[in-house]
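Input: a single structure, listed below in C-alpha cells.
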Amino acid sequence: MVVLTFWLLLVAPTWAVAAQRPDCRTNREHTLCKRPNPACIHKKRGLEPGAAAFVLKMHNDFRSKVALGQLRGFRPAADMQELVWDDELAEVAQVRIRRTLRHVDRSSSPVSDVSS
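Numbering (mature numbering (1 follows the signal peptide of the UniProt record, and there is no 0)) for the sequence shown: -19 to -1, 1 to 97.
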C-alpha cells in the first residue's frame, strides 16, 4: 500500500507531465518522456539560484585561458566559442540523475581488490 501511495503521489504526476511534452508524441524514447525510476528519490531539483551562471562563468573563464595560451603546457586553442546555458539540456541531465539509482554496496570489494 505504501508503494502504491508513493507511486500515485510522486511518480505518476512527474510521468504525466513528461508525457504531455510535444516531443513525446513523436519520440517516446526521449529521456524526458520515460517513466522516472521509483526507487530513486531526490527531494531537490535543479540548481540553486545563481549556480548555473557561476558554473558557466567558471567554464568560460577556463576556456578563455586555454584559448589565449595562458594554460601552462598547452598551446593556444582556436575557435573556442563561449558556452551558453541550455535549459532543455539541463532538464535532460536532471531527469537522467533522477532515473539513476545510487546504491553503494559496502559488502563488496573494490574491483582492484578482486582476485580471479
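C-beta atoms are modelled at their ideal positions from N, C-alpha and C, and glycine is treated no differently. It should be emphasised that the depicted structure is a prediction, and the values quoted were computed from it without experimental measurement.
Pick out whichever of the options has its Cα sitting closest to the Cα of residue i.
i     : options                      : result
Phe43 : Ala58, Gly31 and Ala32       : Ala58
Ala74 : Phe35, Phe55, Leu13 and Cys5 : Leu13
Val76 : Asn8, Arg6 and Lys15         : Lys15
Output the boundary residues of the alpha helix (DSSP H) element that contains residue i.
i     : result
Arg44 : Ala32 to Ala48
Can you give the beta carbon distance from residue i to residue j, rounded, assuming they're within the 8 Å contact cut?
i     : j     : result
Asn41 : Glu63 : 5 Å
Trp66 : Leu37 : 5 Å
Only counting the same chain, and skipping five residues up and downstream in sequence, which positions put a Cβ closer than 7 Å to that of residue i?
i     : result
Glu72 : Leu13
Val47 : Phe55, Ala58 and Met61
Gln51 : none
Pro30 : none
Are there any heavy atoms of the ligand ADP lying less than 7 Å away from the beta-carbon of residue i, as far as the coordinates show?
i     : result
Pro30 : Questions concerning the ligand ADP fall outside what the structure shown contains, since it holds no ligand whatsoever.
Which same chain residues end up closer than 8 Å to residue i when comparing Cβ atoms and leaving out the 5 residues on each side of it in sequence?
i     : result
Leu49 : Pro57
Asn8  : Cys14
Ala33 : Trp66 and Ala71
Just mark residue i as buried or exposed, buried being the case when its beta carbon has 16 or more other beta carbons within 10 Å.
i     : result
Ile78 : exposed
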